[in-house]
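Visitor: One structure coming up, written as structure tokens, with questions to follow.
There are 2 protein chains.
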Amino acid sequence: MPSLTSVLGVLDPTSDRAVFRQIADALREAIDKGRFREGDKLPSETELVDHFGVSRMTVRNALSLLQQEGLAVSEHGKGVFVRPRPPVRRLASDRFARRHRDQGKAAFTVEAEAAGSRPEVDSLEVKEERPSQDISARLGSPRKVLARRRRYLLDGRPVEFATSYLPLDLARNTPIAQPNPGPGGIYARLEEMGHRLDHFDEEIRARMPSPAEVRTLQLASGVPVIHLVRTAFDAEGRAVEVCDTVMAADAYVLAYQLPAN
Amino acid sequence: MPSLTSVLGVLDPTSDRAVFRQIADALREAIDKGRFREGDKLPSETELVDHFGVSRMTVRNALSLLQQEGLAVSEHGKGVFVRPRPPVRRLASDRFARRHRDQGKAAFTVEAEAAGSRPEVDSLEVKEERPSQDISARLGSPRKVLARRRRYLLDGRPVEFATSYLPLDLARNTPIAQPNPGPGGIYARLEEMGHRLDHFDEEIRARMPSPAEVRTLQLASGVPVIHLVRTAFDAEGRAVEVCDTVMAADAYVLAYQLPAN
DNA sequence: CTTGCCCACTCGTCTATACGAGTATGCATC
DNA sequence: GATGCATACTCGTATAGACGAGTGGGCAAG
Numbered sequence: 000m001p002s003l004t005s006v007l008g009v010l011d012p013t014s015d016r017a018v019f020r021q022i023a024d025a026l027r028e029a030i031d032k033g034r035f036r037e038g039d040k041l042p043s044e045t046e047l048v049d050h051f052g053v054s055r056m057t058v059r060n061a062l063s064l065l066q067q068e069g070l071a072v073s074e075h076g077k078g079v080f081v082r083p084r085p086p087v088r089r090l091a092s093d094r095f096a097r098r099h100r101d102q103g104k105a106a107f108t109v110e111a112e113a114a115g116s117r118p119e120v121d122s123l124e125v126k127e128e129r130p131s132q133d134i135s136a137r138l139g140s141p142r143k144v145l146a147r148r149r150r151y152l153l154d155g156r157p158v159e160f161a162t163s164y165l166p167l168d169l170a171r172n173t174p175i176a177q178p179n180p181g182p183g184g185i186y187a188r189l190e191e192m193g194h195r196l197d198h199f200d201e202e203i204r205a206r207m208p209s210p211a212e213v214r215t216l217q218l219a220s221g222v223p224v225i226h227l228v229r230t231a232f233d234a235e236g237r238a239v240e241v242c243d244t245v246m247a248a249d250a251y252v253l254a255y256q257l258p259a260n
Numbered sequence: 000m001p002s003l004t005s006v007l008g009v010l011d012p013t014s015d016r017a018v019f020r021q022i023a024d025a026l027r028e029a030i031d032k033g034r035f036r037e038g039d040k041l042p043s044e045t046e047l048v049d050h051f052g053v054s055r056m057t058v059r060n061a062l063s064l065l066q067q068e069g070l071a072v073s074e075h076g077k078g079v080f081v082r083p084r085p086p087v088r089r090l091a092s093d094r095f096a097r098r099h100r101d102q103g104k105a106a107f108t109v110e111a112e113a114a115g116s117r118p119e120v121d122s123l124e125v126k127e128e129r130p131s132q133d134i135s136a137r138l139g140s141p142r143k144v145l146a147r148r149r150r151y152l153l154d155g156r157p158v159e160f161a162t163s164y165l166p167l168d169l170a171r172n173t174p175i176a177q178p179n180p181g182p183g184g185i186y187a188r189l190e191e192m193g194h195r196l197d198h199f200d201e202e203i204r205a206r207m208p209s210p211a212e213v214r215t216l217q218l219a220s221g222v223p224v225i226h227l228v229r230t231a232f233d234a235e236g237r238a239v240e241v242c243d244t245v246m247a248a249d250a251y252v253l254a255y256q257l258p259a260n
């Protein structure tokens with residue numbers, strides 16, 4: 000096995016770059032060059048202390064940098080590891096198009112099984128609520144809304160949670176207010192109820208997760224979330240649903256196809 | 000002025016939650032409640048040390064958490080501040096549609112001025128290169144490509160940098176190989192050259208920036224980047240351009256409109 | 001063989017101290 | 001009044017030490 004010096008090099012005492020940054024640089028370079036691969040254990044804090052001849056806080060500072068960059072994750076009692084890249088779920092822009100509406104299962108389940116993963120849906124909750132200001136504005140200021148919350152998991156790992164909001168006058172006492180709205184999901188039910196869907200608006204943001212989101216999605220440090228808000232409009236131009244989704248950014252790539260004219 | 004105790008409360012010594020997390024919680028809550036607003040200075044490390052009766056490293060640990068969450072930014076010699084939310088640039092999905100192709104200025108310039116900001120383009124560079132494996136695959140494996148790099152700034156702040164790649168056999172000795180390709184940009188030139196554009200594919204990811212990206216975009220810690228790769232296809236189905244864009248996530252919201260059928 | 005404990009190793013948290021470096025202010029000097 | 005310096009504040013970096021807590025292996029007892 001190669002010596003730590005050949006893998007990580009040594010510090011440059013003449014450099015004005017902070018020592019912990021030099022250590023982080025050395026580790027980052029070693030990872031980039033494949034000397035450490037996904038899931039590999041990095042040298043322990045003690046080993047790095049001995050190798051570089053610095054104090055433990057300095058080493059921890061360096062490792063903390065790598066974790067903020069999303070390059071490494073630490074596991075209490077085990078060590079610090081190169082962060083494994085999870086399989087990525089690709090969301091096509093036409094995933095809610097009418098022609099793709101499966102009559103049996105939910106879109107998430109169909110796609111996950113096609114990709115060879117085990118899908119789960121979780122923390123299902125259907126409630127009547129007063130809408131937040133933002134949701135209210137998007138739905139045309141209804142007094143109350145029906146909120147459908149759920150969390151999605153892939154092979155046991157939470158990847159996304161979402162809340163759908165519908166004006167209560169539209170959804171009350173319909174299959175939409177049931178935990179399972181039936182084949183084709185709530186979009187199929189909306190169309191059966193005479194709200195032929197015309198188009199969707201999607202807004203995409205990326206940001207660091209709140210502490211609550213870190214818990215719900217079991218996010219490693221250095222992993223942002225993608226925040227997607229989709230509004231569904233019927234043929235009369237009425238907003239009939241808003242779906243607010245927060246996704247673990249390391250589990251998703253969003254794909255859109257756009258006409259050129 | 001209110002006492003720190005009334006703003007931040009006190010520690011719960013019976014809690015098993017780490018002290019630095021309790022301090023971070025207190026600050027986060029104060030920010031959420033508006034006790035500290037955008038751009039406000041948080042209490043200095045020394046003040047927090049005195050108030051909570053802990054060591055400075057513990058306070059720094061707490062402040063570091065808030066910075067990782069993107070809630071705060073520190074400025075050497077000045078203090079730690081609630082991170083200001085910059086104005087957000089909204090990118091509509093039809094921004095490259097033919098009907099919007101302005102005959103005078105670049106899309107970025109037009110949009111920025113409409114929003115009342117001062118746009119700049121920077122580090123313009125046009126080069127012939129060997130494509131990376133990824134770019135090569137997207138463009139149908141050309142031996143060489145023309146790469147057009149540039150950085151965009153809004154009111155002096157870098158918000159995005161992008162590289163366009165075109166197969167060299169298509170772009171060599173054309174206006175596209177000039178730093179300024181002329182009115183309507185390279186898409187207008189491509190269409191003049193007989194490559195009528197048919198559609199665009201866009202792929203969106205979010206992740207933490209590399210150290211190089213932090214420098215180029217002058218990113219605060221706790222700010223992810225949005226990575227967008229757009230491929231332009233002509234009417235024959237040939238990929239004629241790939242544009243690789245990295246955006247400061249706190250400066251953008253992407254908006255797409257999708258048909259329902 | 002299985003169970004259960006101990007121990008060694010890992011990272012997590014916290015204290016105390018020191019000095020460096022960037023910023024802003026006021027005061028003395030020119 | 002303008003210049004420049006001293007100073008006091010800010011955060012940045014680094015050391016040394018201590019104890020806690022999670023993990024896993026080995027060994028001894030059953």
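Heads up: the protein sequence lines correspond to chains A and B, in order. So the first sequence is numbered by numbering that gives the first Met the number 0: it starts at 0 and just counts up by one. So the second sequence is numbered by numbering that gives the first Met the number 0: it starts at 0 and just counts up by one. Positions of the beta carbon are idealized from the N, C-alpha and C atoms, including for glycine.
Does the beta-carbon of residue 21 of chain B have 16 or more other beta-carbons within 10 angstroms, so that it is buried, or is it exposed?
Guide: The sequence position of residue 21 of chain B within the second sequence is 22, counting from 1. Residue 21 of chain B is buried by the Cβ-count criterion.
Visitor: Under 7 Å between beta-carbons, which chain A residues line up against residue 183 of chain B? List them in chain order, please.
Guide: Translated into the one-based positions of the second sequence, residue 183 of chain B becomes position 184. None at all; the shortest Cβ gap to chain A is about 13 Å.
Visitor: What residue does the beta strand (DSSP E) around residue 89 of chain B start on, and which one ends it?
Guide: In the second sequence, the residue the question calls residue 89 of chain B occupies position 90. Here the beta strand (DSSP E) through residue 89 of chain B covers 88-91.
Visitor: Report back the beta-carbon spacing between residue 168 of chain B and residue 141 of chain B to the nearest angstrom; my notes put them in contact at under 8 Å.
Guide: Along the second sequence, read from residue 1 onward, the residue named residue 168 of chain B stands at position 169. Along the second sequence, read from residue 1 onward, the residue named residue 141 of chain B stands at position 142. Right, the Cβ-Cβ distance comes to about 7 Å (below 8 Å), so this counts as a contact.
Visitor: Quick one: which residues of the region 194-205 of chain B get their C-beta closer than 7 Å to a C-beta of chain A? List them in chain order.
Guide: Cβ contacts with chain A come from 196, 197, 198, 199, 200, 201, 202, 203, 204, 205.
Visitor: Compare the beta carbon distance of residue 184 of chain B and residue 100 of chain B with 9 Å and say whether it is the shorter of the two.
Guide: Counting from one through the second sequence, the residue named residue 184 of chain B turns up at place 185. Counting from one through the second sequence, the residue named residue 100 of chain B turns up at place 101. Yes, they are a contact pair.
Visitor: Quick check: residue 223 of chain B and residue 205 of chain B, are their CB atoms within less than 9 Å of each other?
Guide: Position 224 of the second sequence holds residue 223 of chain B. Position 206 of the second sequence holds residue 205 of chain B. Against a cut-off of 9 Å, the Cβ pair of residue 205 of chain B and residue 223 of chain B comes out as a contact.
Visitor: Does the beta-carbon of residue 170 of chain A have 16 or more other beta-carbons within 10 angstroms, so that it is buried, or is it exposed?
Guide: Position 171 of the first sequence, counted from the first residue, corresponds to residue 170 of chain A. Classification for residue 170 of chain A: buried.
Visitor: For residue 220 of chain A, go through chain B and note every residue whose CB falls closer than 8 Å to its CB, in chain order.
Guide: The sequence position of residue 220 of chain A within the first sequence is 221, counting from 1. Within 8 Å Cβ-Cβ: 67.
Visitor: How close, in whole Å, do the beta carbons of residue 196 of chain A and residue 166 of chain A come, if the pair is a contact with beta carbons under 8 Å?
Guide: Residue numbering aside, residue 196 of chain A sits at position 197 when the first sequence is read from its first letter. Residue numbering aside, residue 166 of chain A sits at position 167 when the first sequence is read from its first letter. Between residue 166 of chain A and residue 196 of chain A the Cβ distance is about 15 Å, and since that is not below 8 Å, they are no contact.
Visitor: Can you confirm whether residue 243 of chain B, when its beta carbon is compared against all beta carbons of chain A, has any partner nearer than 9 Å?
Guide: The sequence position of residue 243 of chain B within the second sequence is 244, counting from 1. Not closer than 9 Å to any Cβ of chain A, the Cβ of residue 243 of chain B fails to qualify, so no.
Visitor: Could one say the Cβ of residue 260 of chain B lies closer than 9 Å to chain A's Cβ atoms, at least one of them?
Guide: Locating residue 260 of chain B in the second sequence gives position 261, where the first residue counts as 1. It does; some Cβ of chain A falls within 9 Å.
Visitor: May I have the straight-line CA-CA distance separating residue 252 of chain B from residue 232 of chain A, to the nearest angstrom?
Guide: Along the second sequence, read from residue 1 onward, the residue named residue 252 of chain B stands at position 253. Along the first sequence, read from residue 1 onward, the residue named residue 232 of chain A stands at position 233. Roughly 20 Å separates the two Cα atoms.
Visitor: Check each candidate in A/219, A/254, A/90, A/38 and name the one with the smallest Cα separation from residue 199 of chain B.
Guide: Against the second sequence, residue 199 of chain B aligns to sequence position 200. Checked all of A/219, A/254, A/90, A/38; the closest Cα to residue 199 of chain B is A/254.
Visitor: What does residue 252 of chain A touch in chain B if you count any residue whose Cβ is under 8 Å from its own?
Guide: Working through the first sequence from its first residue, we reach residue 252 of chain A at position 253. Per Cβ cutoff of 8 Å: 202, 203, 204.
Visitor: Taking only beta-carbon positions, decide if residue 257 of chain B is within less than 9 Å of chain A.
Guide: In the second sequence, the residue the question calls residue 257 of chain B occupies position 258. Taking Cβ atoms only, chain A reaches closer than 9 Å to residue 257 of chain B, which makes this a yes.
Visitor: Taking buried to mean at least 16 other C-beta atoms within 10 Å of its own C-beta, is residue 81 of chain B buried or exposed?
Guide: What you label residue 81 of chain B is simply residue 82 of the second sequence in a count that begins at 1. By the neighbour-count rule (16 or more Cβ atoms within 10 Å), residue 81 of chain B is buried.
Visitor: Taking its Cβ as the centre, do 16 or more other Cβ atoms sit within 10 Å of residue 17 of chain A, making it buried, or is it exposed?
Guide: For the purposes of this step, residue 17 of chain A is taken as residue 18 along the first sequence, with counting starting at 1. By the neighbour-count rule (16 or more Cβ atoms within 10 Å), residue 17 of chain A is not buried but exposed.
Visitor: Let me check you understand the geometry: is the CB of residue 44 of chain B closer than 8 Å to at least one non-hydrogen atom of the ligand PLP?
Guide: Of ligands this structure carries none, so the ligand PLP is not represented either.
Visitor: Bridge partners of residue 199 of chain A, per DSSP?
Guide: Taking the first sequence and counting its residues from 1, the one referred to as residue 199 of chain A is at position 200. Note: residue 199 of chain A sits in a beta bridge opposite A/231, B/257.
Visitor: If the cut is a Cβ gap below 8 Å, which residues of chain A does residue 223 of chain B touch?
Guide: The count along the second sequence starts at 1 and reaches residue 223 of chain B at position 224. Neighbours of residue 223 of chain B on chain A, chain order: 205, 206, 207, 223, 248.
Visitor: Between residue 154 of chain A and the rest of its own chain, which residues show a CB-CB distance below 6 Å, the 5 nearest in sequence each way excluded?
Guide: If you number the first sequence from 1, residue 154 of chain A lands on position 155. Excluding sequence neighbours, residue 154 of chain A sits near 116, 117.
Visitor: Could you spell out where the beta strand (DSSP E) holding residue 160 of chain A opens and where it closes?
Guide: In the first sequence, residue 160 of chain A corresponds to position 161, counting from 1. Its beta strand (DSSP E) spans residues 156-166.
Visitor: Just to check my reading of the structure: residue 19 of chain A and residue 57 of chain A have Cβ atoms closer than 8 Å, yes? What is that Cβ distance to the nearest angstrom?
Guide: On the first sequence, residue 19 of chain A is found 20 positions in, with the first residue counted as 1. On the first sequence, residue 57 of chain A is found 58 positions in, with the first residue counted as 1. Confirmed, about 5 Å.
Visitor: Return the residues of the region 95-111 of chain B that lie within a Cβ-Cβ distance of less than 8 Å from chain A, sorted by chain order.
Guide: Cβ contacts with chain A come from 95, 96, 97, 98.
Visitor: For residue 67 of chain A, which option in A/219, A/10, A/131 has the closest C-alpha, if you only look at C-alpha atoms?
Guide: One-based indexing of the first sequence puts residue 67 of chain A at position 68. The option with the nearest alpha carbon to residue 67 of chain A is A/219.
Visitor: Run down chain B in chain order and give the residues with a C-beta less than 9 Å from the C-beta of residue 163 of chain A.
Guide: One-based indexing of the first sequence puts residue 163 of chain A at position 164. The contacting residues do not exist; residue 163 of chain A stays about 16 Å from chain B at best.
Visitor: How would you list, in chain order, the residues of chain B whose beta-carbon sits under 8 Å from the beta-carbon of residue 92 of chain A?
Guide: Working through the first sequence from its first residue, we reach residue 92 of chain A at position 93. Residues of chain B passing the Cβ test: 255, 257.
Visitor: Counting contacts by CB-CB distance shorter than 9 Å, is residue 85 of chain A in contact with chain B?
Guide: Looking up residue 85 of chain A in the first sequence gives position 86. Chain B, which has no Cβ nearer than 9 Å to the Cβ of residue 85 of chain A, makes this no.
Visitor: Using a C-beta cutoff of 9 Å, does residue 180 of chain A count as contacting chain B?
Guide: Position 181 of the first sequence, counting from 1, holds the residue named residue 180 of chain A. Chain B, which has no Cβ nearer than 9 Å to the Cβ of residue 180 of chain A, makes this no.
Visitor: Between residue 27 of chain A and chain B, is there a C-beta pair that is closer than 9 Å?
Guide: If you number the first sequence from 1, residue 27 of chain A lands on position 28. Taking Cβ atoms only, chain B reaches closer than 9 Å to residue 27 of chain A, which makes this a yes.
Visitor: For residue 124 of chain A, which of A/109, A/151, A/136, A/114 has the nearest alpha-carbon?
Guide: Here residue 124 of chain A corresponds to residue number 125 of the first sequence, with the count starting at 1. Nearest C-alpha to residue 124 of chain A: A/151.
Visitor: Straight-line CA distance for residue 186 of chain A to residue 50 of chain B?
Guide: The residue given as residue 186 of chain A occupies position 187 in the first sequence. The residue given as residue 50 of chain B occupies position 51 in the second sequence. Cα to Cα, the separation comes out at about 54 Å.
Visitor: Of all the options B/27, B/4, B/90, which has the alpha carbon lying nearest to the alpha carbon of residue 52 of chain B?
Guide: Along the second sequence, one-based indexing puts residue 52 of chain B at 53. Looking at the Cα atoms, B/4 is the closest of the given residues.
Visitor: Just checking: is the beta-carbon of residue 5 of chain B within a distance shorter than 9 Å of some beta-carbon in chain A?
Guide: Within the second sequence, numbered from 1, the residue matching residue 5 of chain B stands at position 6. False, the Cβ-Cβ gap to chain A never drops below 9 Å.
Visitor: Taking the straight line between their C-alpha atoms, what separation do you get for residue 11 of chain A and residue 54 of chain B?
Guide: Indexing the first sequence from 1 puts residue 11 of chain A at position 12. Indexing the second sequence from 1 puts residue 54 of chain B at position 55. The straight-line gap from Cα to Cα measures roughly 31 Å.
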